[in-house]
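To start, the structure itself, in structure tokens.
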Amino acid sequence: MAYRLPSMVWLRAFEAAARHASFTAAAEELGLTQAAISHQVRSLEKQLGYPLFERLPRHLKLTEMGRAYLTPVRKAFDELSASTTGLFGPIGETVLNLRVPVSFAVLWLAPRLPEFCRAYPDIRLRLHSAIWADALPADRIDVDIRYGHGSWAGFRSELLFRVPSVPVSPIGSRVTRPADIQEENLILIMGLEDYWLRLFELTGLEIPMHRQLVTVDTSMAALELVEAGMGHTIVLRCFAERFITANRVQRSFDMELPQDNAHYFLFREDEKALKPEVRLFRDWIMEQAASA
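Each residue of the sequence shown is one higher than the one before, counting from 216 in the numbering used here.
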């Protein structure tokens, strides 16, 4: 099949000029002269038979045909770049900065991450396990995963997974039903204190006011305290599974609390296209979430 395609060099010049709204800025990015970029774009316009830009005194403005053409050109570049990286690996070593909640990083992501590293050995990972999402500026992060309602200013979000929470107790605990918890020490997690309130409301029990309450800032710390015998906590089921399987804690009783919040993969709203390595990681972690 003969493809009716313009020169890739001309298409690259067009995409860069459209992104910067400037031949000069596009030339700096591509290591060419302003005259060369202008000539390449004019050659493309001549072949297509339509003007792609309005040449204004201080900047470029896409014509209607230019805007329509830019979308498939970018999509084609994105898919070609992602396919090349996926099949042959990145050209040279690249660094991927990940920001994830600390409990998610340790209890869910860490056991699965070696698989990604084996598949893509040329992608170095730098993991920022921030407790609070705004601890690092967004422009320093390539991959951002958060737990919450799914809406954050300046970001688009894609659901990773939503799982219920479960109550857990120290190994050997005699707690077997919700009423037994009223006589026990409770461990709360900052920002998730309503877990216990919901459990008591759902079971029709009174909220105990006289028991010792310990508050921590991560699910990981809460599970460690349960293992040490400090009390009982409620955490996401996917976080409790490793501790339960290793016989470090036990399910208090057979009850799950549905959650409105979930883990999301975030994209910056001003990001026109994901870098190839980000797309690879996104596709990989979506597969992991689906299989889990």
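All C-beta atoms, glycine included, are put in the ideal place defined by N, C-alpha and C. On a predicted model such as this, the values are computed, not experimentally measured, just so you know.
The way I'd put it, the segment 464–478 does touch the segment 374–388; three or more beta-carbon pairs between them come closer than 8 Å. Per DSSP, Val493 is one residue of the alpha helix (DSSP H) stretching across 491–506.
In this structure the segment 271–285 does not touch the segment 435–455; the number of beta carbon pairs closer than 8 Å is below three. Secondary structure note for Leu342: its beta strand (DSSP E) is the uninterrupted segment 338–343. With a threshold of 16 other beta carbon atoms within 10 Å, Arg389 falls short and is exposed.
At a cut-off of 3 residues, the continuous stretches assigned as beta strand (DSSP E) that sit fully inside the segment 239–315 are 268–270, 275–277, 309–314. Per DSSP, the continuous beta strand (DSSP E) segment holding Glu373 begins and ends at 370–376. Contact annotation, Ala232 with Leu275: C-beta distance approximately 6 Å; criterion of less than 8 Å satisfied. Rounded to whole angstroms, the separation of the alpha carbons of Leu313 and Cys332 is 14 Å. Rounded to whole angstroms, the separation of the alpha carbons of Glu230 and Leu285 is 7 Å. In this structure, Thr309 is the residue among Asp409, Thr309, Leu403, Leu489 with its C-alpha nearest to the C-alpha of Asp337. Between Arg466 and Val381 the beta-carbon gap is near 6 Å, inside 8 Å, which marks them as a contact.
Residue pairing by DSSP puts Asp359 in a beta bridge opposite Arg314, Leu481.
Under DSSP, Pro382 forms a beta bridge with Ile449. Exclusion of the five residues before and after Gln262 leaves Pro221 as the residues of its chain whose Cβ lies within less than 7 Å of its Cβ.
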